[in-house]
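Numbering (our numbering), first residue to last: 170 to 330.
(1) Can you name the start and end residues of the beta strand (DSSP E) that residue 275 belongs to?
(2) Extract the residue ranges of the beta strand (DSSP E) inside the segment 197–264, only unbroken runs of 3 or more that lie entirely within it.
(3) Check whether the Cβ atoms of residue 177 and residue 274 sit closer than 7 Å, and answer yes or no.
(4) Am I right that residue 246 and residue 238 are in contact with their C-beta atoms under 8 Å? What's the rounded C-beta distance?
(5) Using CA atoms only, rank isn't needed, just tell me which of 207, 193, 311, 202 is closest to residue 216.
(6) Thinking C-alpha only, which one of 235, 309, 263 is nearest residue 174?
(7) For residue 312, collect the residues of the same chain with a Cβ closer than 7 Å to its Cβ; drop the 5 residues on either side in sequence, then sort them by chain order.
(8) Could you check the C-alpha separation between residue 224 and residue 207 for me, to the nearest Å?
(9) Quick check: what's the CA-CA separation for residue 212 versus residue 220?
(10) Taking the C-alpha atoms as reference points, what is the distance between residue 214 and residue 265?
(11) Per DSSP, residue 177 is paired with what?
(12) Leaving out five residues on either side along the sequence, give the residues of the same chain with a beta carbon under 7 Å from the beta carbon of residue 227.
(13) Nearest to residue 222 by alpha carbon, out of 285, 304, 195, 280?
(14) Of all the options 231, 271, 233, 254, which has the alpha carbon lying nearest to the alpha carbon of residue 243?
(15) Let's test the definition: count the other Cβ atoms within 10 Å of the Cβ of residue 241 and tell me whether it reaches 16, buried, or not, exposed.
(16) Excluding the 5 residues preceding and the 5 following residue 209 in the sequence, name in chain order all residues of the same chain whose CB lies nearer than 6 Å to its CB.
Right, dumping it as structure tokens:
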């Protein structure tokens, strides 16, 4: 099994609000920094994204790739690489656990990346750690700055609304 990197953060919001922001791909360019474009290519029967095309600009790494998403209830989403210019593989997941009676959410992000160019394993893990830490910090800021914690949960419960 490939090595992976994971990290967790606690967000001052209910899991549905957190998942609402995660599921709102169209708004990723507003808060992620590295994502310059996001386009949902396919959705499942519940309206959740199944395939998403992302255009990234993370300094030295610029890529246009497509990810396939799998949703497990309202507390987990995972993805795997469909196609990419720079990446050989990219597998990740967000797992949400309610805390404090559901008022807060512990979010764990797991990521494994393999690039097409040669790179030492420890450098890959460091890059994964930077990606995860930036993503979790951005997610926390985005969710906690939402007025009243509404809207984002609605986006998850009623995609496309």
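For every residue, glycine included, the Cβ atom is placed at its ideal position computed from N, Cα and C.
In short:
(1) Residue numbering aside, residue 275 sits at position 106 when the chain shown is read from its first letter. 273–284 is the extent of the beta strand (DSSP E) around residue 275.
(2) 204–212, 218–227, 230–241, 245–252, all fully within the segment 197–264.
(3) The residue you call residue 177 lines up with position 8 of the chain shown. The residue you call residue 274 lines up with position 105 of the chain shown. It is not a contact, given that the beta carbons lie outside the stated cut-off.
(4) For the purposes of this step, residue 246 is taken as the residue at position 77 of the chain shown. For the purposes of this step, residue 238 is taken as the residue at position 69 of the chain shown. Yes, they are in contact, since the Cβ atoms of residue 246 and residue 238 sit about 6 Å apart, within 8 Å.
(5) The residue given as residue 216 occupies position 47 in the chain shown. Ranking 207, 193, 311, 202 by Cα distance to residue 216 puts 193 first.
(6) On the chain shown, residue 174 is found 5 positions in, with the first residue counted as 1. Closest option to residue 174, Cα to Cα, is 263.
(7) Residue 312 sits at position 143 when you count from the first residue of the chain shown. For residue 312, the CB contacts under 7 Å within the same chain, skipping 5 residues up- and downstream, are 180, 182, 186, 187, 190, 321 in chain order.
(8) For the purposes of this step, residue 224 is taken as the residue at position 55 of the chain shown. For the purposes of this step, residue 207 is taken as the residue at position 38 of the chain shown. Cα to Cα, the separation comes out at about 7 Å.
(9) Sequence index remark: in the chain shown, residue 212 carries index 43 (1-based). Sequence index remark: in the chain shown, residue 220 carries index 51 (1-based). Distance between the alpha carbons of residue 212 and residue 220 is about 7 Å.
(10) As a working mapping, residue 214 is identified with position 45 in the chain shown. As a working mapping, residue 265 is identified with position 96 in the chain shown. So the alpha carbons of these two residues sit roughly 22 Å apart.
(11) Position 8 of the chain shown, counted from the start, is the residue given in the question as residue 177. Residue 177 is bridged to 277.
(12) Locating residue 227 in the chain shown gives position 58, where the first residue counts as 1. 203.
(13) Counted from its first residue, the chain shown places residue 222 at position 53. The residue among 285, 304, 195, 280 with its C-alpha nearest the C-alpha of residue 222 is 195.
(14) Here residue 243 refers to the residue found at position 74 of the chain shown. With distances taken between Cα atoms, residue 243 lies closest to 271.
(15) As a working note, residue 241 is residue 72 in the chain shown. When all chains shown are included, residue 241 counts as exposed.
(16) The residue you call residue 209 lines up with position 40 of the chain shown. These residues qualify, in order along the chain: 194, 218, 221.
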